[in-house]
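Trainee: Take a look at this one; I'll ask things after.
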């Protein structure tokens, strides 16, 4: 199940190192402000979808995708986030 998230992270890192022309992923990775705006937009769309009980899965997927791109654009590694979460276990 989590393989798809790992694949998405690896794709972001691959595109960061080997950009593909006209790639939406590369636009997000290069433009940190665009990446930030998309995360905010997608979170708001998810909240609206939850409140209206419609299209929740689609919007949640958009949030995850854009958050991963935002994190990678800002050199925030998911491995470090996982370590932080692990350290918070009680």
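Numbering (my numbering), first residue to last: 145 to 234.
Backbone N, C-alpha and C define an ideal beta-carbon position, used for all residues, glycine too.
#1: Where does residue 232 fall in DSSP's three states?
#2: Touch check for the region 179-192 and the region 200-210: three-plus C-beta pairs under 8 Å?
#3: Take residue 180 and list the residues in its own chain whose beta-carbon comes closer than 7 Å to its own, dropping the five residues that flank it on each side.
#4: By the three-class DSSP mapping on this structure, what secondary structure does residue 148 have?
#5: Using the Cβ count rule (16 or more neighbours within 10 Å means buried), how would you classify residue 225?
Mentor: The short version:
#1: coil
#2: yes
#3: 214
#4: helix
#5: exposed
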